[in-house]
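Novice: Per my numbering, residue 2 is the first one in the sequence shown, and the count goes up by one each step.
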Amino acid sequence: MARVRLRAVSQVRCGDKGNTVNIALFAPSESLYRVFLREVTPERVKAHFRGWIEGEVIRHEVPNLLALNFVCRDALGGGGAGSIRVDNLGKCFGTNLQRMEIEVEDEMLQEIGGVENGDR
């Protein structure tokens, strides 16, 4: 079992609307999608963004795309026009989520060609 950052085993797409951030997390294989289901929970996402997401985090499972879609409420300090944050756009949340570390079975990492040392 290896501890790796999501950036080594995923892709993301995200954005914002008002005070809500949407983060889609994509797995490269069905086996890693199952790992994401186990490891990337709404509770862990909210904890990862402690101090940034003040509302609920809702996870939608999209198995036909091997994706998880997270809707993060009350996450932008009031929204674009009302926030005093320097960079409050939802796009930053995707890169930040990919810093989260998860546990992945060694065999799965070999399936996708291994992981760089900086991502462990």
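Here a beta-carbon is modelled for each residue, glycine too, at the ideal position from N, C-alpha and C.
1. Quick one: what's got a C-beta closer than 6 Å to residue 72's C-beta in the same chain, skipping five residues either side?
2. Quick check on the burial criterion: 16 or more other C-beta atoms within 10 angstroms. Buried or exposed for residue 65?
3. Could you check the C-alpha separation between residue 101 and residue 19 for me, to the nearest Å?
4. How would you label residue 114, buried or exposed, when you count the other beta carbons within 10 angstroms and need 16 or more for buried?
5. Give, in chain order, every unbroken run of the beta strand (DSSP E) that is at least 3 residues long and sits entirely within the segment 37–73.
Specialist: The short version:
1. 23, 59, listed in sequence order.
2. Classification of residue 65: exposed, given that the 10 Å Cβ count is below 16.
3. So the two alpha carbons sit approximately 25 Å from each other.
4. By the beta-carbon neighbour count (other beta carbons within 10 angstroms, threshold 16), residue 114 is exposed.
5. Here the runs fully enclosed are 58–63, 68–73.
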